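Trainee: Below is one structure. I have some questions about it.
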Amino acid sequence: MAYLELHNISKTYGQGDYATEVLSNINLSIEEGEFVAIVGFTGSGKTTLVNLINGLLEPSSGEVLFKGKPVSGTSHERGVIFQNYSLLPWLTVEQNVLMAVKEAFPKREKAVYKRKAAHYIEMVGLTPAINKLPRELSGGMRQRVAVARALSMKPDMIIMDEPLGALDALTRGTLQDQILNIWGKDKRTALLITNDVDEGIYMADRIIPLRPGPRATLGPEFKIDIERPRDKTEMNDNESFKKTRNAIIEYLMDIGNERKSEATEEYVLPDLTPKDFVYQFK
Amino acid sequence: MKQSITLGKVTKFMGLGFLSTLKDLFTGKLEKEDFKGFLRKVVVPIASILLFLGLWHLGSQSLYNTEAEFKIEKALNDQGPEAAEAMRECIASGDISCQPNTLPSPAKVWDSYKSLLKDHQIISADKTEFAEKTATLNAKRIAEGKEPIVYTGRPSFVDQIFRSLKTVFAGFLLALFIAVPLGIFIGLSPTLKSAFNWFIQIFKPVSPVVWYLLVFMIVKTLLIDSSEDSSFTISFISVGLCSMWATLVNTAMGVSSVDKDYINVAKVLKLGTFQKIFKVILPSSLPLIFTGLKITMSVGWMVLIAIELLAQSPGLGTFVWEEFQNGANDSNAKIIVAMFVIGIIGFLLDRLMLFVQNTVSFEKTDAI
């Protein structure tokens, strides 16, 4: 019995003639403690897939099983880190985290909440900014608050929807390490959605490409057999890394080209010759 | 973290930033680059005010002459050359009885303003005197369980301003307490939205006069036993009903258009309904709610004058109407004084709302 299972999931938006099937025939199973990355092009339905797993959306057909039970609606057991941070701009860092803590652990003393929130904020290294508003923080800091907020609910599984997509390369690297660190501490199950193959290989145990939508499906999985903790610079010389990376990129390029050849259409141009104005006035 | 409150912050908060530039000028702290800003913020408005006063003066002068010529012409046609000559002399001498009745000049308006203030001082002196005189008698009457004697003399201009402010604030609070909760409910529930939509669309454009008549019909019957003057009740309810639509529509729109990301956060955190409304939906729709409240405040102040005039509720509207009916030689000037007072108070009310908005809302709004 896998920890998270998706059986023949499909998701259709719209009705009747306007229906578009975004995801079709998705099958996925994730074991407890595993770190899985799903890599795909933009617009391939990655966010739809995430929202099906975290319970914000319901599949049109098929079922999502979490710990053997069907998913209906959101749950504190599955923490979500959104692509665009989604911090509430009128609350400070502490208040944003407190809100999650209070919901996840109802009926505790105020001091307990404060301590919990402070703990998670420290974990992501934001203690000095605890009383700041999100707009006073940089993008990386905001995403760290979002990480702290998701973790503070003590979820059994963390679902990350392109969490580092909007960050610069350097901040991205540090945050990747931070997330891996936290994940390594208590080995929670994690699902990472990303469009960066390197990021997937660096962080995950398994990479599954998502073929582009409409009617997106999951491609064949790639296992990453690189020892943890992984080192970014050393990894570049690792044979296994190079091989997996090339294989995944090749696969993604192939389906990209496939789609392009499908989409090409012949345009018949009208047969026109420009008029000779000079000759006309002679 | 405590922030000290300085003049600069407060004035900027209220959209009166030029005051701090003025302060910098006098304390000699003004930088050279700021000088251009100073020119634009202080000198240009003053110049435009002077230009306005000049044009007004010239315009009123020309209207005065036209009116005077007409009067003389009329006297000549009706009563002959001697009467015309007498009229010309009479106008030139500045006699009150034959002054042309037209747009007053700025100087005349200023004189009326001063006379209104003097009048206020006389009336308030009269009031205190009356209070002193009746103090012992009233104490005795209250002890006997009778109503105390109150001052029933005419209200001064300043009293009427305060009375108008009271009416507009009462109306504003009524609009606030009806429109904000109703708007939240309508925004949250598409069912309620379709139930109320026709109602809002039909009643929104109804004129203040009709609102007044409607409220009059209802309140008159409801207060049929009461011997009290119902004009205040009628006028503030009319102001409230007339001005609440902007808040209602804006609140409903703000609540129903909360950023999807925030709603997703609320869902993922599994916030309860109350938490969701008070922690997520309301804070994010506050800017729009306040836009509505600001419009409500200014509409309320605008229709107040018309409604007071109809309701005969003492206030600036009644003042303007009575002065117009009165037709004394300085009535026109007093009407213009009232016009400026109404405009300036409307401006201050708007700034007050901006101040409240910037205090409670996370988004800081600049003044226009």
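For the protein sequence lines, the chains are Z and H, in the order given.
Note that the first sequence covers residues 1 to 282 in the working numbering.
Note that the second sequence covers residues 1001 to 1368 in the working numbering.
Note that CB positions come from ideal geometry on N, CA and C, so glycine has one too.
Keep in mind the model is a prediction, meaning the values are calculated, not measured.
1) Which of the three DSSP states is assigned to Pro1181 of chain H in this structure?
2) Which residue comes first and which comes last in the alpha helix (DSSP H) that contains Ile227 of chain Z?
3) Would you say the region 24-35 of chain Z touches the region 1230-1241 of chain H, given that touching needs at least three Cβ pairs under 8 angstroms?
4) Measuring straight from C-alpha to C-alpha, what distance separates Thr45 of chain Z and Asn8 of chain Z?
5) For His119 of chain Z, report the span of its alpha helix (DSSP H) as first-last.
6) So the candidates are H:Phe1157, H:Ser1112, H:Ser1194; which of them puts its Cα closest to the Cα of Asn1329 of chain H?
7) When the cut-off is 8 angstroms and only beta carbons count, does His76 of chain Z lie next to chain H?
8) By the three-class DSSP mapping on this structure, what secondary structure does Tyr1151 of chain H have?
9) Within 10 angstroms of its Cβ, does Ile1224 of chain H collect 16 or more other Cβ (buried), or is it exposed?
10) Is the region 1312-1331 of chain H close to the region 1252-1270 of chain H, with three or more CB pairs under 8 angstroms?
11) Suppose contacts are defined by Cβ-Cβ distances below 8 angstroms. Is Arg78 of chain Z in contact with Met157 of chain Z by that definition?
12) In its own chain, which residues sit with a C-beta less than 7 angstroms from the C-beta of Val50 of chain Z, not counting the 5 before and 5 after it?
13) Does the distance from the CB of Ser152 of chain Z to the CB of Val97 of chain Z come in under 8 angstroms?
14) Which residues mark the beginning and the end of the beta strand (DSSP E) in which Arg206 of chain Z is found?
15) Are any of the Cβ atoms in chain Z nearer than 8 angstroms to that of Phe1362 of chain H?
16) Note down, in chain order, each residue of its chain lying with its Cβ closer than 8 angstroms to the Cβ of Lys1294 of chain H, except the 5 sequence neighbours on either side.
17) I believe Leu56 of chain Z touches Thr74 of chain Z by the beta-carbon criterion, under 8 angstroms. Please report the beta-carbon distance rounded to the nearest angstrom.
18) What number of angstroms, rounded off, separates the C-alpha of Leu1188 of chain H from the C-alpha of Ala1252 of chain H?
19) What does DSSP give as the partner residues of Gly79 of chain Z in its beta bridges?
20) Among all the DSSP beta bridges, which residues are the ones paired with Ile38 of chain Z?
21) Three or more beta-carbon pairs under 8 angstroms between the region 245-261 of chain Z and the region 57-68 of chain Z, yes or no?
22) Going along chain Z, which residues have a C-beta under 7 angstroms from Lys1267 of chain H?
23) Specify the secondary structure class of Ala19 of chain Z as computed by DSSP and reduced to three states.
24) Going along chain H, which residues have a C-beta under 7 angstroms from Met99 of chain Z?
25) So with CB distances below 8 angstroms, who are the chain Z contacts of Asp1261 of chain H?
26) What's the gap between the Cα of Phe1038 of chain H and the Cα of Ser1048 of chain H?
27) I want to see whether chain H comes within less than 8 angstroms of Glu103 of chain Z, judged by CB atoms only; does it?
28) Who are the near neighbours of Leu4 of chain Z in its chain, counting only those whose CB is closer than 6 angstroms to its CB and skipping five residues on each side?
29) Taking the alpha-carbon of Ile81 of chain Z as reference, which of Z:Asp271, Z:Gln15, Z:Asn54 has the nearest alpha-carbon?
30) Which residues of chain Z have a Cβ atom closer than 9 angstroms to the Cβ of Pro1283 of chain H, listed in chain order?
31) In this structure, does DSSP put Lys102 of chain Z in helix, strand or coil?
32) From Ser1004 of chain H to Thr1291 of chain H, what distance separates their C-alpha atoms?
33) Is it buried or exposed for Arg142 of chain Z, if we count other Cβ within 10 angstroms and need 16 for buried?
34) Three or more C-beta pairs closer than 8 angstroms, one from the region 1116-1129 of chain H and one from the region 1147-1160 of chain H: is that the case here?
35) When you compare only the Cα positions, how much space is there between Thr1134 of chain H and Gly1080 of chain H?
36) Any Cβ of chain Z within less than 8 angstroms of the Cβ of Asn1264 of chain H?
Mentor: Per the coordinate set shown:
1) Helix at Pro1181 of chain H.
2) Checking the sequence, you will find Glu at residue 227 of chain Z rather than Ile. Counting along the chain, Glu227 of chain Z falls outside any alpha helix (DSSP H), and DSSP gives it neither H nor E.
3) Under the 8 angstroms Cβ criterion, the region 24-35 of chain Z does not count as touching the region 1230-1241 of chain H, having fewer than three qualifying pairs.
4) The displayed chain sequence assigns Gly, not Thr, to residue 45 of chain Z. Within the model, the alpha-carbon separation for Gly45 of chain Z versus Asn8 of chain Z is close to 15 angstroms.
5) In the DSSP annotation of this structure, the continuous segment of the alpha helix (DSSP H) that includes His119 of chain Z starts and ends at 110-123.
6) Comparing Cα positions, the closest option is H:Ser1112.
7) Yes, contact with chain H.
8) It is coil, neither helix nor strand.
9) The residue in question, Ile1224 of chain H, is exposed, as its Cβ has fewer than 16 Cβ neighbours within 10 Å.
10) These segments do not touch.
11) Yes; because the gap between Cβ atoms is below 8 angstroms, this pair is in contact.
12) Excluding the 5 residues flanking it on each side, Val50 of chain Z has same chain C-beta neighbours closer than 7 angstroms at Ile159, Asp161, Ile193, in chain order.
13) Less than 8 angstroms divides the Cβ of Ser152 of chain Z from the Cβ of Val97 of chain Z.
14) Start and end: 206-210.
15) Yes, contact with chain Z.
16) Answer for Lys1294 of chain H: Asp1350, Met1353, Leu1354, Gln1357, listed in chain order.
17) About 6 angstroms separates the CB atoms of Leu56 of chain Z and Thr74 of chain Z; that is less than 8 angstroms, so the two are in contact.
18) When rounded, the separation of the alpha-carbon atoms in Leu1188 of chain H and Ala1252 of chain H is 8 angstroms.
19) The bridge partners DSSP lists for Gly79 of chain Z are Z:Ile158.
20) Paired residue(s): Z:Ile193, Z:Ile208.
21) With contact defined as three or more Cβ pairs closer than 8 angstroms, the region 245-261 of chain Z and the region 57-68 of chain Z are not in contact.
22) Going along chain Z in sequence order, the residues near Lys1267 of chain H (Cβ under 7 angstroms) are Leu56, Thr74.
23) Ala19 of chain Z: coil per DSSP, three-state reduction.
24) Around Met99 of chain Z, the beta-carbon contacts reaching into chain H at under 7 angstroms are Leu1269, Lys1279.
25) Chain Z residues near Asp1261 of chain H: Phe82, Asn84, Ser86.
26) Looking at the two C-alpha atoms, the distance is approximately 15 angstroms.
27) By this cut-off, Glu103 of chain Z is an interface position.
28) Only Ile30, Phe66 meet the Cβ criterion.
29) When only C-alpha atoms are compared, the closest one is Z:Asn54.
30) What Pro1283 of chain H touches in chain Z: Leu88, Pro89, Trp90, Leu91.
31) The answer is helix: DSSP assigns Lys102 of chain Z an H, G or I state.
32) Annotation note: pLDDT 48 at Ser1004 of chain H (below 50); position unreliable, no value reported.
33) Buried, because 16 or more other Cβ atoms sit within 10 Å of the Cβ of Arg142 of chain Z.
34) The region 1116-1129 of chain H vs the region 1147-1160 of chain H: in contact.
35) The straight-line gap from Cα to Cα measures roughly 59 angstroms.
36) So yes, Asn1264 of chain H belongs to the interface.
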